[in-house]
Structures are given as C-alpha cells and as structure tokens.
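Which chain is which? The protein sequence lines are A and B, in order. Each step along the first sequence adds one to the number in our numbering, with nothing skipped, and position 284 is 289. Each step along the second sequence adds one to the number in our numbering, with nothing skipped, and position 324 is 329.
There are 2 protein chains.
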Amino acid sequence: MSLEKVLNAESVAVIGASKVETKRGFQAIRTLLDEKFEGKIYPVNPKEKSILGLKCYKSVAEIEDPVDMALITTPAKTIPGVLKDCGKKGISGAVIIAGGFREIGKQGVELENEMVRTAAECGIRIIGPNTSGMMNLKSNLNLVGLRDAPKGNIALLSQSGNMALTLITEAKLKSLQGYSYYVGVGNEADIKFHEYLEFFRDDPETKAILMYVEGMRDGRKFLQEAYKTTLIKPVVLLKGGRSAAGKRSAGSHTGALAGISEVARTAFKRAGIIVIESSDELFPAAETLSSLPPIKNNHIAILADGGGHATIAADLLSDMGVKIPELDETTQKKLKKLLPEAASVRNPVDVAGGTDSDPTVFAECAEAILKDPNIGGLLLVGLFGGYGIRFAKSLALNEEDAAHRMGKMLKKRHKPIVVHSLYDSEKPHSLQLLRYYNIPVFGSLDVACKCIGVLAEYGNFLKSYHAKANFVYHWREKTETEGVNIIEKAKTEGRRALLETEAKSLLRLHDFPVLDDTLAVTADEAVRAAKRIGEPVALKIVSPDILHKSEAGGVKIRLSSEEDIRGAFDEIIENVKRYKPESDIKGVLVSPMAKKGLEFIVGTKIDDQFGPIILFGLGGVLVEILRDVSTRVLPISERSARKMIEDIKFYPLLNGYRGRPAYDKKALKNLLLLCSDLIESYPEINEMDLNPVILHEEGLEIVDARIIIGEEIKF
Amino acid sequence: MSLEKVLNAESVAVIGASKVETKRGFQAIRTLLDEKFEGKIYPVNPKEKSILGLKCYKSVAEIEDPVDMALITTPAKTIPGVLKDCGKKGISGAVIIAGGFREIGKQGVELENEMVRTAAECGIRIIGPNTSGMMNLKSNLNLVGLRDAPKGNIALLSQSGNMALTLITEAKLKSLQGYSYYVGVGNEADIKFHEYLEFFRDDPETKAILMYVEGMRDGRKFLQEAYKTTLIKPVVLLKGGRSAAGKRSAGSHTGALAGISEVARTAFKRAGIIVIESSDELFPAAETLSSLPPIKNNHIAILADGGGHATIAADLLSDMGVKIPELDETTQKKLKKLLPEAASVRNPVDVAGGTDSDPTVFAECAEAILKDPNIGGLLLVGLFGGYGIRFAKSLALNEEDAAHRMGKMLKKRHKPIVVHSLYDSEKPHSLQLLRYYNIPVFGSLDVACKCIGVLAEYGNFLKSYHAKANFVYHWREKTETEGVNIIEKAKTEGRRALLETEAKSLLRLHDFPVLDDTLAVTADEAVRAAKRIGEPVALKIVSPDILHKSEAGGVKIRLSSEEDIRGAFDEIIENVKRYKPESDIKGVLVSPMAKKGLEFIVGTKIDDQFGPIILFGLGGVLVEILRDVSTRVLPISERSARKMIEDIKFYPLLNGYRGRPAYDKKALKNLLLLCSDLIESYPEINEMDLNPVILHEEGLEIVDARIIIGEEIKF
C-alpha cells in the first residue's frame, strides 16, 4: 500500500489529546496549530469537549469527515484496541509514539506482533512504534513537537530522535538547506526503511535522502530499493553501533537488531549510498549532495590563500582517493597573470597574498580553474569571507562581488564549488550569498574536504552503475533437474549436508571446475579409478555420518602403487568402522593430487539482515590471522566479482609479484559468478564451502566442497 | 643560548618601520601600540623622524638604550647586512619576516646559509625567516599583526601562518582558553622546533603545547626534548603533508623538508606526543589537555539524554581503544533511583527523559558515576545547555545549577568531565559556566569523543613513560676493540660494505646468535669445516667484489657428501672467476643448513630527520606485499622492542596460533635490543640487514648479515 495517505496526510486525528501542557497529546496539537498545518486536526479524548479551540471527539468514530491518519500517544497496551477503532473509521496510517514493544524484550515482541497483525487486518500502515514521530514540512504536518524546523529538499530517516534533532538543528543554524520530510522509523514494526526510501525517491521536492541507522529489519529489500534510488538522487547514511559498547547502547534504545554486520558497509556502497563515518559530516554531505551536481571525473582543484590549509586539504582528499592533478599549462599561465610571483599555480593553488588587496581575484582564479577541462570541481579553502573582517571593511564588498561571480559560474559550468572559511562562524554576508547560489560553506576544513569528496564519490558511482548488480534475484533461472534431484534426495533422507560426491556432482552440473574424482565402492574400483585419473591419488571416505574425515582416519594421500591404494582403501574402511561403527559408508572418493598453486577459500552463507552473501579469501594460516576476506551480498555482477578479488590485501600476488607467475584471475572471477548463479538456482542452499580452491597460472581446481541445505531463502 | 631575550624581549626595534599603512613595518608598530606592549618600541628607518608618535631612528646603532630583539621587515637580500648592525648593537634575537630563502631553491639556500652564519657570528638567534612572526601574549609583544588574540595557557608553534590564524580564531570564538605564546617557526633556519619546546617546557604559564608541523630540520633532537617535555606538560601535534599532493603543497610554501617520514608518527607517540589527524580536533585537544587532569585508568563513562549520541560516542571511543566498562552495582542502583524505569544504567547511561523536567538530575548522575572507583572520566553528550532553549526557559537555571555542581565535582574528584552539546552554537550561559570551571564543551560529538580520548591517551603514556627510551644515545659504551678493528680495516681498504664474514664476526663479538659458519680457503678446509659443523652444509662465496652472490653462481646449498662439497667449492670459484675475473676472492663460507622456523628480517638505516631507525618484519613474499613491518627510532628500550614485535599484523602467529608451536619472542626481543646497542657502539654503521633471521620455538639463527659503514652518525 502506498504511503501517500500516511506521509502526505491531509487530516490527522490526535488520539490521546490532552489539555495538560506537558503531555505529548497537548504539545502535538499546539505544534500543528502553531506551525499552521494545512490539513484538518481532530483531537480525540472521551473526557474533553475542546482542546486549544478545536472540537474534541469522544472517539474516532464520532469524527464527521474521513481521516487520513492518526497520531496515537496512548500507552503500548492500548494500541491494538485503538487501531481497531481507527480501522473501522477507515484511517490509513498511524504514528505510534509509545515505547514498550520489541525493545523491552519477549513480552514487548508479542505485543508488537499483535499490533502489526491488527494493523494489517485494519488496512493501517504504522510509523514506529517507539518513535519521536514524523514531519511533512511541505504541508506543515508536524507530529514531532519540534518547531521551526528548516524547510528544504532533504528527506530525513532516523532511528534516533536526538540524532534527528541534531541534524535538524544543524541545518537551521549552519545552512540555507532544510528538510522535506522527517520520519523517526522507531522499531520498523510495519513500515520499513525501504518503503520510506521508495516514497522519497518519487517525491519531486526531495533532492537527497539522509539516514541514521542502527539496524535494519529487512536489509535486502533496502538494498534493492537503495540501488534504484541512488540512480535518481543521492542517499547519505551513517551507521551507529559498530562497537560492542555501541551495540549495547543501540540495543537498549531501539528495537532493531543491535548493529549491522560487517558486510553492510560494502553492500551500501555498492548500492550507491554515500556511507559517512563521522557525525560531523552527515548533514554537510547531504546538504552538498542535495545542492550540487556530482563531479564527473574524480579530479578536483584546491584554491587556497595559505599553505597549511592547502596541505591538509590535499592530504585529506588524497586519503579519499580523489585526484588533485596538476593544472594544464593554459590554466597555469592564466593564474600566473592573476597572482604574484610567489604564488603556487600547479594545484593546490596558493594565491600567496594575491587576494589580500582584492578578494575578487578569487573569482578570477576560480573561473580560470573551472575552465580547465581536466578539473571537475573546486574546493576553496582559507579566509574567504573574512577579508572584510580581518583586513578592511570595504573588502567585504569585494567578497560579495566574488561570491556572486562564483555563484554564476556554478550555474554556467555545472562544476561544483565547495568552500571552507575560517570566518564561517562570524556569518559574513558573502558566505550567505554563496549559500544562496547553492555553494555550501563550512567552518571545518575536514568537513569541506569530505563534502567535495562525496561529490566525486557519487559521480564515480553514477559513471559505473550500469555494470553493477541490483541485488534482485532471478530465482531458479538456471536450475537443472538433476541438481534438484540431488537436493531432493538429501531432503528425503533427512540430511542437511550433501555428501561430498553429491556436492561435487551438483557443482559439475553447473560447470564448476571440480577436481576429477570418482567414487569407488571396492578396492578394485579404487585401483581402476586411480589408473584412469593417473597416480598419485588421494582416497577419502564418503559417508553422511562422518563429518571430520581426517579425524576418523578416513583420508590417505599421495598413493601411487596398486598395493598402496588397496591397503589404503581397506584401512580407511576399517578406521571408519572403528571410529563410528554404525556409519553408512557410501564408498571412497579417489582423487588426483592437486597441482601446486595458490590456495583460496570461497564460501556462501546467509546473513540475518541481507540474505545470501559470498566470501572469498586466500587460504592458509597467515591469511586467517589477517582475516583477509572480501564479502559481498549476492547476487554479484562481473564487476563486483572483479572488485571482490581486487579488494583482498594479497591481490598483488595474483598479478605476478616480483617475477613470480601471474595467476588466472579470470578463472577466479568466473568461479565467484558461478557461485552467485548457483545460489540463485537453488535457494535451498544455506551454506557452501569450497575449500581449498587451488588457483593456477591457467585455470583452477576445487579440491573439496561442502554444501548445507535448509529452508528455502526468501529475500 | 637561551631564548629568554628573544621570546620574552623587553624591547624591540622594528627595522623597516614605515608610515605606509599597508606595510608590515607600519602594522607591526600599530599592533604593538594598540595591544599595549609592556616593553619599549624603537622604529628604525633612515627616512623618517617619527612614526605613530614614536621617535624613529636612522639605524639601530643610534638607539640610546640596550635592545633585546629586532623585528626585521626588509627584503631577503638585505638581511645579512641588517644582522651585522644588530650584532654591533648587542641585539639578542631577530624575527625575520621575508621569504625568498630555502623555500625558493638553491639560491635561497645560499642566502639562508649566509644569514645563519652571520647571525651566529653576531650572537643573534633567528625566528624564521619566511614566518608570520611571533607573539608573547603575557607582555603583549605582538609581532604578528593579528589583534585580540585570546590569552591563556597554550603555547602555539606553527609552520603555517593560516593554520595559526585558524587555531587562534577558534580559541577566541569557541573557548575560554587562549595562548601564552605563538611562534611561526618559518624555515627553522636557526632556532629549531626543539629549542622552542624546551623554552615552553620551562615556562610556568604554559600548560600545553600545540604544534602544526610539515617537516622538521632536526627531528632527533626534537624527540629528545619532546620526551622530557611530555612528562611535564602535554604536547599536541598535527602533521601536514602526508600525501603526494600534500607534500607538493608543503614544499611550495615552507623551506622545510616536504613531509615527514612514516616513522615519525610512531616516534612522536613514543615521545608522549598526542598526534592528531583531523584539524577540527587540534585546538580542542590542546584546550582539553591544558585544562583537565589526564585519565588514569583508560575507563570512561558516557552519560546521554538520547540513544543515538550514546551509540556513536561508544563507537568512536571504542575505535580509540578507550574502555567503556559496565558501572558497578552500587552505581547502577544509585542511577536507577535517580532515573525512570526505561533508563539504561549500565554504560552508556541513557537518562531516557529523566532530565526533561529537571536538568540538575545530570549533576546527580554525574556525581554517582564519578564516585564509581572504576571510572576515570565522564563524557556528557546530547542536549545539555539546550533544555532552557528547547523546553522551558526556567530550565536554563537548573542547567546553570547543574553546571556549577559539575564544576565543583571536577575540583573535588580530579576526574575530568568533557561535554558535547547540540546547543553549543547558541551559547547558553550554562555552557560558559562549564568552561569557567575548565570543563570543555564542544558542539561536535566527534570532537568531544576525541578530547576525552586524548585525556586517556595521555594518562596511559604517563603511567608507562618510565619504561620507555628517551631517544638519547650512549655512544660507544659497549664498543669492542676487535670490532673497531674490523671497521677500521674495511675503511682502510676503501670498502663501505663489510664482508659477510666480517659482519658476522662483529655480530658474534656482541653475542648475536649467528649461524655457526666458517671461512674455507681451500676445498680441503671446506670439507673439514663441514665435518665439524655437521652435514648438510651450504657454501657461499666471500668477496668484496661480489654483491649478488646467487647471480654470480656463488651459492650452493644442501651439500652432504665430501665429493659434493669439493665439487661445489671448485664450481663456485670457477663461476665467480668467470662472472667477474678480477674478483678478490677471500674464500668460501661453509654454513650449516638453517633449521626450519619462522623467517624474519631485521634492519637498521638512517632517516633524514630522525637518524638511525630499526625495522623488523616477517620475511617472504606475502609479507612484502602487506609491508608488515614495524619501525622505531633508535635507541629502543625493552618495552619498545616488545611493542615492535606486537605491532606486526602477524603477531598472533608467534603465540602458537591454533595449536601451532609458539615461537621464542624473548629471543627476538633480545635481538632487537642487541641491534640497538650495536648501532650505539659503532656509529659508523649506516645500514645493517639481518636477512633472513630464522626464529625457532627456542632461540633464533641469523643466516645472513650485511653491514654498510659510512660517516659517523651525529644526532
């Protein structure tokens, strides 16, 4: 059901309306009146006749006209009953403020489930519970009690009321940008992050979406919607609750899963989301992205009136992977004409006093720089805005002139400008003028760098999005009947683990390069198989009852002579029978010894919030210590598979490090893609381990495979 | 020579004094007058009679009274001449503003050298050149032209004028703390960083030292002075010019070496310096450290009035390695009494609305928390200061009450409190009150976290400082005559590389566990040596003319029979003669094959800015890719040696990872200490490579050693 009537409600019933000033049921009505909500307000309280001059209804049923949504301020235990009343009235949405649900434990979970069931039966969509409320700033539908929130083009989704307050206050105090909507998602009991995202994607007034998240109820759907959204407008997100203490804190105040798994960060970025680590940068990044075009070529120029700021900015941008290329010769020549001899004109550009007597020189330098075809955006750092304060009052007028000129430049060239000013807190008029032209200004150098940085990051994403997976599954598209049979057989026999032979057969069906091995039921068969394969060979027990083959004495390697093979076969059978007498022995697997190569592990498993994910890393103990593994949410595209490989720290090893051979990266990439397809083809696969995988200069071999089946994945 | 007369000058001559308002020579005098410099001012300009009501002198010689220091505003080329005049007058110090020295290249370097020579001859100490000037805010000796700089207890050293301006402006706008001194070090031509540091260490008004550095002329001496300083007062430092673009920028505006080598960060931290990465945190960290006692036990509590801030703070502090332990039961009980049921009282503490009607509850919670014996400091985050703004005006008084109480708590308990407030920019009185009690308040959550974090970092340093090396060498304390002879012999023969046999002899003299090998001059000798050592053995050519032994065919390994050894000996000699006919062959080294173990490299070399350093890391290609090496400036203490080993990523491997054997860490630590001693004993050693070193479960073996000698190290 669309959220139209919920987030764009034209009438609202306040259930739990009150005359007591400290109560939420009073404050809500006062705020709606003070903020001049464009729709209708219906206070509901059986004990009152009127509140703040509005007629008060005994129940929602009494209200004469249709009502879009209800703000419910009554306690948790009353909610299911209240929802039934709302349902009868035909109300479409409810904001539920009360806490006392999922976040307090088992009892709360039950109440929340009951509430969600009731709401579904009544056709009501719920924001919250355990939320600070919601605001539609276009119609002044303010159900938060926070006044004078600045209006603008950013939609805000937050799992923390005080983070929302921070972000709204910051916009008000430090920017000309503001919000189109705010939603405190609360426990996400009914409406989930991805639904809000979808709504904001379609909202024409919303230019960017800003999120504070501590956990997600349906991460997979969120990714799918995020991917579609970021192609149209930027999404900026900060994720709290990474550390143990942070998780403890998150768990105590939201009903969400405490913290998000490590895979989230990569998945968010893959979906084009701008992931922010520092809370200082969160609003500024959204402000910048909502106001300016992305940088197309990852190249920026720094313009400074002093060395220290230029140096620090260059360091920070380099850390972010943004390029600060030397300016082309024409540009350098132009700058030389504009600036004194001591100036540095390569990039960073340091005006070396060249703006002291006339700050309009900044605009001239900016013009020259933005004309450079190789430069995608400009970061101005230092004292701009403060010349009129520090040197001579009249210079403030030159600064205003420069601000107008830079503003017009932005409109003409579509190359973004971001400004750092030491004098931002003094609020000089020239800086307000810049903001008027959508040029964001920051008092912090770090924040200004981050903001031009995210314009480059978003530009890089848009340039390459088409090569990326969209997190949507194509279930069973490549399923093979024989494969289904293998899985069905295991199910019928009540097994969750496929036999090694079954797992390998399934893989071979889908062209995985599995080591060429054969099941032998007798010693004779083993000898014949070894002849076919070529000695030396390895023998391994195959039995659903033996999980740890080596421990059971079920593995023998490097066998060459017929005698050795026969001996090993018999010994394995004996060992296993002794180890677990009732074992169902299917036979012994005869495999060639793998050629030497680089050892890898590849695996898939199910993540709570994001569904099936794939892992990949080098094998061996050194790598275990470093946890040098790259992970992705499935499915993956060719590009993601390549990036996964490039992400591991030991990547240079694959390229023929210092005269060593180069390995077959293409085979590795294909293997990752095959895994992605396999999971789509058989959603019953809950876990898969290919370990070891031996990579060669040409091709690779899967030596061992383990597949665990279970309930069908639904994401 | 002490800097007393320079930094605490009681009289100053302004050379290049002017009546032209835009000239530095005018501005300097006006600033000194406006700021009410307590000493005497002598304008010097042959063309003027008086400037701004002060008598103007034709030359310094004309001034009747003695003069402590000169501010020289004339161009670069005039400086040596001016200095001579100053010398004759007996002036002790000079601030040289002009650029055009080392930073412009070769010609500038020559002029700078001439200037330094002249100054030394005249007994004058120089600040700069290429500096924005200096300020002594105690006597109002303001030679910068920046007015109304806030006075206080922080001494500021900066290599960038605009970073200094940033830091001074920030103090003025956002804090009650200010500066005792500012020095723009400029090109560090004469007075170096470490001399300023020493001066500030002894200055009773200076409580903390704040530094912005892009490069250092004498890093080693700086470390030595820093080590002594940080035991007495904190030093906070940001290092610019890490990236290539940053170095380009730094190089273009300071005469310093562009950027500081990677070893600097660790060395600074070892010397107890608080190294800051983000320029937003630089002044706040100094403000905090200058105002509050360090945290003794690395344990802090977070007190919040909302979940989001608490969660983010917990994440950030965990990232810094600060512990956020659960509060003890008594404390939790007390908090439960103070707060509503929904509150979280473990840590982070979330008041859950418990302060809404009365913010003095914050003070009560703070009292309970700081009484907890396990808690060393408190971070208050959220809305404090804004209750009077957001909820009801009268609450502002409760907030002021709470501020007074927290201020007194600080004085009583000596446990620091740091405050984050969303309402900081609104400047409520309660927050100013906190500052009055030395409780720093920040509008940024990130910055507030960093600031309580640096109090813990500094506390950790002070607790452990006695176990650390002080960067002072004890030259030649453990020198052996025989060792001196080995080095002298190589010198006499004009060799920079010691022969492998010489290097190993030198190491053995100092009890390094070198593989037991013998030089054989004939095949017979080789066979006898192999008998003694026990086969299998390796043979390696020894010749000053052969650098790459394997390439020359000069290495044969795993030789067991007499025949093989003879054959290999002859073949090696032949190969080498063919490879380089004129080679001076000293013989063949007969070595046992090293036992299997973990392969390491240990090396020493000379760093431009910090002198001798030591490197240590695992051997092999994987490690090369990861650059998993830890480095330290020499000499190192036992603690540093241990920390070096713990620093490498593969450290867990040494402890017996997953049932593997544990290796002899003590032997490794001893080896690092032996290297440290050796470099002190023979300062002629410029470079040493022990590669490979094989580490065993017990002991280790040095298989190969290379030592390069050169000019004696002087640091």
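For every residue, glycine included, the Cβ atom is placed at its ideal position computed from N, Cα and C. These numbers come from a predicted model, not from an experiment.
Starting from the beta carbon of residue i, find every residue of chain A whose beta carbon is closer than 8 Å, and list them in chain order.
i         : result
PRO657(B) : ILE630
GLY245(B) : GLY313, THR316, ILE317 and ASP320
What residues are listed by DSSP as bridge partners for residue i?
i         : result
ASP195(B) : Per DSSP, none; premise fails for ASP195(B).
ALA160(A) : TYR186(A) and ILE214(A)
THR523(B) : VAL595(B)
HIS304(B) : LYS328(B)
GLY448(A) : In the DSSP output, where bridge partners are listed per residue, GLY448(A) has none listed.
PRO617(B) : ILE611(B)
PRO48(B)  : VAL19(B)
ASP694(B) : GLY608(B) and ARG711(B)
GLU485(A) : In the DSSP output, where bridge partners are listed per residue, GLU485(A) has none listed.
ILE546(A) : VAL593(A)
GLU706(A) : ILE699(A)
ARG637(A) : ILE619(A)
ILE281(B) : LEU243(B)
Determine the chain A residues that contact residue i at a beta-carbon separation under 9 Å, and present them in chain order.
i         : result
TYR184(B) : Ordered by position in chain A, no residue passes the 9 Å Cβ test against TYR184(B), which lies about 16 Å from the chain.
ASP324(B) : ARG247 and SER248
Using a Cβ cut-off of 9 Å, pull out every chain B residue sitting near residue i, in sequence order please.
i         : result
PRO353(A) : ALA250, GLY251, ARG253, SER254 and SER257
ASP310(A) : ASN167
SER635(A) : Result: empty, since nearest Cβ-Cβ is about 15 Å, beyond 9 Å.
Please say whether residue j and residue i have beta carbons closer to each other than 8 Å?
i         : j         : result
SER295(A) : ALA213(A) : yes
GLY191(B) : ILE96(B)  : no
VAL17(B)  : ASP73(B)  : yes
ALA319(B) : ALA250(A) : yes
ALA646(A) : LYS610(A) : no
CYS61(B)  : ALA22(B)  : yes
Give the residues of chain A in contact with residue i, contact being defined as C-beta atoms less than 7 Å apart.
i         : result
LEU170(B) : LEU427
LEU178(B) : SER430
Taking residue i as the query, report the chain B residues whose CB atoms sit under 8 Å from its CB, ordered along the chain.
i         : result
GLY104(A) : ALA347
VAL626(A) : LEU658, TYR662, ARG663 and ARG665
THR174(A) : LEU427 and TYR428
LYS654(A) : ILE630 and LEU631
ILE329(A) : ALA250
Residues of chain B with CB under 7 Å from residue i, in chain order?
i         : result
GLY381(A) : Result: empty, since nearest Cβ-Cβ is about 15 Å, beyond 7 Å.
PRO219(A) : It should be pointed out that residue 219(A) corresponds to Glu in this sequence rather than to Pro. Those within 7 Å of GLU219(A) in chain B are THR316.
LEU450(A) : SER284
GLY387(A) : ASN167
message: For the region 145-159 of chain B against the region 434-450 of chain A, do three or more pairs of beta-carbon atoms, one drawn from each stretch, fall closer than 8 Å, so that the two count as touching?
response: The region 145-159 of chain B, when compared against the region 434-450 of chain A, does not touch it at the 8 Å Cβ threshold.
query: Are three or more beta carbon pairs between the region 545-556 of chain A and the region 590-600 of chain A nearer than 8 Å?
result: Touching, per the Cβ criterion.
message: With three or more beta-carbon pairs closer than 8 Å as the criterion, would you say the region 612-632 of chain B touches the region 569-589 of chain B?
response: The region 569-589 of chain B and the region 612-632 of chain B do not touch, with fewer than three beta-carbon pairs separated by less than 8 Å.
message: As an exercise, report each continuous alpha helix (DSSP H) stretch of at least 4 residues that is fully enclosed by the region 351-437 of chain A, in chain order.
response: Here the runs fully enclosed are 365-376, 392-395 and 400-418.
Beta strand (DSSP E) runs contained entirely in the region 58-140 of chain A, provided each spans 3 or more residues: Runs of the beta strand (DSSP E) lying entirely within the region 58-140 of chain A and spanning at least 3 residues, in chain order: 74-77, 98-101 and 130-132.
- request: Say whether the region 498-507 of chain B touches the region 695-715 of chain B, bearing in mind that this needs 3 or more beta-carbon pairs closer than 8 Å, one atom from each stretch.
  value: Touching, yes.
message: Would the region 678-697 of chain A count as touching the region 635-653 of chain A if we require 3 or more Cβ pairs under 8 Å?
response: They touch, by the three-pair rule.
- request: Assess, as a yes-or-no matter, whether the region 218-235 of chain A is touched by the region 275-289 of chain A under the definition of 3 or more beta carbon pairs within less than 8 Å.
  value: The region 218-235 of chain A and the region 275-289 of chain A touch, with three or more beta-carbon pairs separated by less than 8 Å.
message: When you compare the region 110-130 of chain A with the region 139-158 of chain A, are there three or more beta-carbon pairs, one atom per stretch, that lie closer than 8 Å?
response: In short, these stretches do not touch, since the Cβ pair count stays below three.
task: Examine the Cβ distances between the region 464-471 of chain B and the region 342-359 of chain B and report whether three or more of them are shorter than 8 Å.
output: Contact between the region 464-471 of chain B and the region 342-359 of chain B is absent, with fewer than three C-beta pairs closer than 8 Å.
message: Pairs of beta-carbons, one from the region 345-352 of chain A and one from the region 393-402 of chain A, closer than 8 Å: are there three or more?
response: Between the region 345-352 of chain A and the region 393-402 of chain A, the count of C-beta pairs closer than 8 Å stays below three; the two stretches do not touch.
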